Amino acid sequence: MMLKKLYFIIIPVIILAGNLLWPVELLQEDQLIKADKIPEAEEIVIDGNLEEAVWKQPPIEKVFITMMPTFGGKLAEKTEVWAAYDKENLYFAFRCYDTQPDKIKTSVAQRDKIENDDRIGIWLDTSGTKQTSYEFYVNPSGIQMDAVNSSVGKYDLTPDFVWESAAKLLADGFQVEVRIPLESIRYQVGKNNQTKMRVMFFRQVSHLGAMATWPEVKPGQTDLNCMTTLVYQGLKKKGLKLDILPNFTYSVDSDRAAPDKWDKQTDTNIGAAVKYGITSSITAEATVYPDFSQVESDVFQVEINQRYPLFYSEKRPFFMESQEVLDFTIVHDVMASVLEKGMIISPIHTRRIVDPGWAVKLSGSSGKVNFAFLAADDRSPGWSRGTDINPHEGKRALFGIVRAKYNFGQDNSLGVLYTGRHFTAADERNDVGGVDLKYRLSKNLRASLSYLHSITRQGEGLALENGNGLNAILQYLSPRLIFMSSYERYDTDFFMASAFQNRVGISRWWFGIGPYINVKIKQMPWLKRFIPYIHYSRLHDLGTKMNDISRVFGAYMNFTPMGHLYLEYRSEDEAWKGRLFDKNYFIVLGNMQLLKWLNLNVWMYLGGQIYYHTDDPFLGNDRTIDLGVTLEPSIKLKIGLNYSHSDFKDKQTHERIYSVNIYNFTAAYQFNKYFFVRGILRYDDLQEKLLTDLLASFTLIPGTVVHLGYGSLHLKNQWQGNKWVPGQGELLRMKQGLFFKASYLWRIK
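All the letters of the sequence shown, read from the start, carry residue numbers 384 to 1132 under this note's numbering.
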């Protein structure tokens, strides 16, 4: 309790006194860049050739400054950038030189799957509030990747926007051409018909292990705070007019009831979404029966002996957009270690709206305010998708979410949040209100604070329960040192229906510190940066009064070519079911693009772990090893091989509790940027099951898609006495499913 009170006092005092203690030395006023306006008689063809007159003008910049593997160095390869526009589109062009063109890493891949390729990027803060930005990436084959970023620290790849790109490989590098329609972004038209956006340009050179930007990203600063201003004159005052997106899904699922009998179940879903541009910066959206994506399946994660449930990201397009506005300040977003997580993973986890019949949304920006309003009718609240678990069977609930953030200089912001879930036929409800503050004390020091209060009625006739949640964060990053400290507390009666939350009834203090060391050793030219670090945390359970202590000694390394490695030794005291366990273990996590056609990744957990049994927990030795290899024998073919092994032994008796091997094979062939086929095989020897997944996918633009997929589950079963006996006999196909999905984006200008 004392620590909680101290944080309430210390953080505001630091913020109020900050300008006196540090003459807040922030970034210098950025320069203004005036984009070249294209004459109405001229037209830019997006073909990657850069033959138009506008690209013959002097480039904006030629020197990019690295942010990886080290801060502040000049990128070894020259990069030229241009910006232009007409009334309806923004245009960008890049000329990327490379003195080793044979090492340029590229692929003809599925959208958003080019993170290891050479690529360029355009980061656009279209509202100029330093709170959110669009990010557009293109590789040397013209394949797109797009994302949104926020000042909270969230980087989200899930949204897909409609824009055009083309690229061309050259003898001395590659060049890229981009068109971004104004209908695809939100922007504000200011005085004198002038629009000011903030921009940063990005380039990744895979064989150098380098990421670089212009303007330079300063250590301790957010990307949004380092952008420069791009000025447009005479953009149309209204961007998006109307988008209509109907969708159709048909599926057939079959269960093998007997050796020669299948029980079939068909399902048809017809839905639609509508988006209307009220102004160039504000949109209204509505959807009925949004389809849960069967194409972008959840990332495979081992589920054995987990204390907390696994987190899966949102996949439905309607809910994916505007996530960056909904971001709220929590400790989880600044955790800098491999395993450490905040008790709330996501305050607004829209997958909690499990089965919406309808949903509406209003979002955008006005002046220095970003805002979002969301309401949805959930037909199956509490249902765990893919299971029969539903504690609220037969009930419906109405979700409501309101979020607003105000920018007051640099990347400072003050925000408010409301979330609610009310059951329509019962007196059960949950309401949560909150505020959050981000304030930059100096160019390297930033403070964040958030407070939440929940009011919950669990059932008719029950009393209201009140709970509080607090998050406080202090971050210091300089070219030589990183330091972070955080505190979080959630009362026992705190509940947030919209959140993905692991635990309540706790308070936890955490800190981490480590120096940045730029390595220049002739004998190890591949090692570029080394960060040794120490983390310490203390978690207090408000109910049991027991304490969890974690001590972490680790190191992080950056390599050339593109790669990184975490090494950690952890000594922990962890309480579970009234007992305190002493754990000591090692962690290894790494990834490297070793060659253009070869990527390697590794994950290891070696040492003490609790067997999380509800009645009889005990300490054991856990050995988990995950090895992955991605092969690209051609730029269109990608083959993934993954092996996961996990075994657990009782530390005292040495009895093996479980041992599992999982083999995963993935192959994808991308015919062109529109069409690909993919196959997945996964075998689990503990459960003795084989999963197969086949998919053919065509995407003209985001929203206009056709998908056809088939999946099956093989289990080791034997038919005996008119029933299936598991674990005996041969692998038999016990379940299978076929689905077809089509949607069409109709954009009315």
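Ideal Cβ positions, reconstructed from N, Cα and C, are used throughout, including at glycine. Computed from a predicted model, the values in this text were never measured in an experiment.
Consult DSSP for Trp438 and reduce its assignment to one of helix, strand or coil.
Residue numbering aside, residue 438 sits at position 55 when the sequence shown is read from its first letter. It is helical.
Per the contact definition of three or more C-beta pairs closer than 8 Å, is the stretch 540-558 in contact with the stretch 575-585?
Judged by Cβ distances under 8 Å, the stretch 575-585 makes no contact with the stretch 540-558, as fewer than three pairs qualify.
Under three-state DSSP, which class holds Pro1016?
Residue 1016 sits at position 633 when you count from the first residue of the sequence shown. Of the three classes helix, strand and coil, the one that applies to Pro1016 here is strand, per DSSP.
Would you call Glu697 buried or exposed, if buried means 16 or more other Cβ atoms sit within 10 Å of its Cβ?
Within the sequence shown, residue 697 is the residue found at index 314, counting from 1. By the neighbour-count rule (16 or more Cβ atoms within 10 Å), Glu697 is buried.
Mind checking Asn967: buried by the 16 CB within 10 Å criterion, or exposed?
Position 584 of the sequence shown holds residue 967. Exposed is the call here.
Using DSSP with H/G/I as helix, E/B as strand and the rest coil, what is His590?
As a working note, residue 590 is residue 207 in the sequence shown. Helix.
Shortest alpha-carbon distance to Asn982 belongs to which of Pro1085, Gly1003, Ile970, Pro944?
Against the sequence shown, residue 982 aligns to sequence position 599. Considering only alpha carbons, the answer is Pro944.
Is it true that the stretch 562-571 meets the stretch 723-730, where meeting means three or more beta-carbon pairs spaced less than 8 Å apart?
No: the two stretches stay apart, fewer than three of their Cβ pairs being nearer than 8 Å.
Answer yes if the stretch 753-764 comes into contact with the stretch 517-532, meaning at least three C-beta pairs across the two stretches below 8 Å, and no otherwise.
The stretch 517-532, when compared against the stretch 753-764, does not touch it at the 8 Å Cβ threshold.
Would you say Val1043 touches the ligand COA, meaning its beta carbon is less than 7 Å from a heavy atom?
You won't find the ligand COA in this model; it holds no ligand whatsoever.
Would you kindly report the start and end of the unbroken beta strand (DSSP E) that includes Phe866?
For the purposes of this step, residue 866 is taken as the residue at position 483 of the sequence shown. Run containing Phe866: 864-873, per the beta strand (DSSP E) assignment.
Quick check on the DSSP output: what are the complete beta strand (DSSP E) runs of length 3 or more inside the stretch 868-953, in order along the chain?
Taking only runs of at least 3 residues, the beta strand (DSSP E) segments lying wholly in the stretch 868-953 are 889-898, 910-924, 930-942.
Using three-state DSSP, classify Lys574 as helix, strand or coil.
Your numbering for residue 574 matches position 191 in the sequence shown. Helix, per DSSP.
Using three-state DSSP, classify His1037 as helix, strand or coil.
Here residue 1037 corresponds to residue number 654 of the sequence shown, with the count starting at 1. The answer is coil: DSSP assigns His1037 none of H, G, I, E or B.
Ignoring anything shorter than 3 residues or poking outside the stretch 754-842, list the beta strand (DSSP E) runs there in chain order.
Counting whole runs of 3 or more residues, the stretch 754-842 contains the beta strand (DSSP E) stretches 780-790, 796-806, 812-823, 828-840.
Do you know whose CA, among Asp626, Ile421, Lys647, lies nearest Ala667's CA?
Position 284 of the sequence shown, counted from the first residue, corresponds to residue 667. For Ala667, the nearest C-alpha among the options comes from Asp626.
What residue ranges within the stretch 519-581 form continuous beta strand (DSSP E) runs of no fewer than 3 residues, ordered along the chain?
Runs of the beta strand (DSSP E) inside the stretch 519-581: 527-533, 547-553, 556-564.
Compute the distance between the beta-carbons of Gly1094 and Asp1076, then report whether it is under 8 Å.
Along the sequence shown, read from residue 1 onward, the residue named residue 1094 stands at position 711. Along the sequence shown, read from residue 1 onward, the residue named residue 1076 stands at position 693. Cβ distance < 8 Å, so Gly1094 and Asp1076 count as in contact.
Would the beta-carbon of Tyr919 fall within 8 Å of that of Tyr939?
On the sequence shown, residue 919 is found 536 positions in, with the first residue counted as 1. On the sequence shown, residue 939 is found 556 positions in, with the first residue counted as 1. No, the Cβ-Cβ distance between Tyr919 and Tyr939 is not below 8 Å.
For Arg699, which three-state DSSP category applies?
Position 316 of the sequence shown holds residue 699. Note: Arg699 maps to coil in three-state DSSP.
With a threshold of 16 other CB atoms inside 10 Å of the CB of Phe1048, please say whether the residue is buried or exposed.
Taking the sequence shown and counting its residues from 1, one reaches residue 1048 at position 665. It is exposed - the Cβ of Phe1048 has fewer than 16 other Cβ atoms within 10 Å.
Go ahead and pull the three-state DSSP assignment for Thr1087.
The residue you call residue 1087 lines up with position 704 of the sequence shown. In the structure shown, Thr1087 sits in a strand (DSSP, three-state: E or B).
How many Å lie between Arg872 and Ala882 at the Cα?
Within the sequence shown, the letter at position 489 stands for residue 872. Within the sequence shown, the letter at position 499 stands for residue 882. Approximately 15 Å, taken between the alpha carbons.
Helix, strand or coil: which one does DSSP assign to Gln1053?
As a first step, residue 1053 is located in the sequence shown; it is residue number 670 there, counting from the start. Residue state, collapsed to three classes: strand.
On the three-pair Cβ rule with 8 Å, is the stretch 628-636 touching the stretch 1118-1128?
Taking 8 Å as the limit for Cβ pairs, the verdict is that the stretch 1118-1128 does touch the stretch 628-636.
For Lys1099, which residues in the same chain have their Cβ closer than 8 Å to its Cβ, ignoring the five residues on either side in sequence?
Numbered from 1 along the sequence shown, position 716 holds the residue referred to as residue 1099. Glu1071, Lys1072, Pro1109, Gly1110, Gln1111, Gly1112, Glu1113, Leu1114, Leu1115, listed in sequence order.
Starting from the Cα of Asn974, find the closest Cα among Asp1005, Asn941, Asp529 and give me that residue.
Against the sequence shown, residue 974 aligns to sequence position 591. Looking at the Cα atoms, Asn941 is the closest of the given residues.
To which residues of the same chain is Ser933 closer than 6 Å at the C-beta, ignoring the five residues directly before and after it?
Taking the sequence shown and counting its residues from 1, one reaches residue 933 at position 550. So the list reads Ser920, Glu955, once near-sequence residues are dropped.
Is Gln706 helix, strand or coil by DSSP?
Position 323 of the sequence shown, counting from 1, holds the residue named residue 706. Note: Gln706 maps to helix in three-state DSSP.
For Arg1006, which of helix, strand or coil comes out of DSSP?
Translated into positions along the sequence shown, residue 1006 becomes position 623. Reduced to three states, the DSSP call for Arg1006 is strand.
Who are the Cβ neighbours of Gly1062 in its own chain at under 6 Å, not counting the five residues just before and after it?
To locate residue 1062, count along the sequence shown from 1; it is residue 679. Here the set comprises Ala1050, Leu1077.
May I ask you to list the residues that DSSP assigns as paired with Ala846?
What you label residue 846 is simply residue 463 of the sequence shown in a count that begins at 1. Answer is none; Ala846 lacks a bridge partner.
Are the Cβ atoms of His923 and Ile896 separated by less than 8 Å?
What you label residue 923 is simply residue 540 of the sequence shown in a count that begins at 1. What you label residue 896 is simply residue 513 of the sequence shown in a count that begins at 1. Taking 8 Å as the Cβ cut-off, His923 and Ile896 do not qualify as a contacting pair.
Please name the residue in Leu540, Gly603, Asp965 whose C-alpha comes closest to that of Ile865.
The residue you call residue 865 lines up with position 482 of the sequence shown. Of Leu540, Gly603, Asp965, the residue nearest in Cα terms is Gly603.
Pull up the distance between the alpha-carbon of Tyr949 and that of Ile1008, whole angstroms please.
Sequence index remark: in the sequence shown, residue 949 carries index 566 (1-based). Sequence index remark: in the sequence shown, residue 1008 carries index 625 (1-based). Near 15 Å, if we compare the C-alpha coordinates of Ile1008 and Tyr949.
Can you have a look at Pro898 and say buried or exposed, based on whether 16 or more other CB atoms are within 10 angstroms of its CB?
The count along the sequence shown starts at 1 and reaches residue 898 at position 515. By the neighbour-count rule (16 or more Cβ atoms within 10 Å), Pro898 is not buried but exposed.
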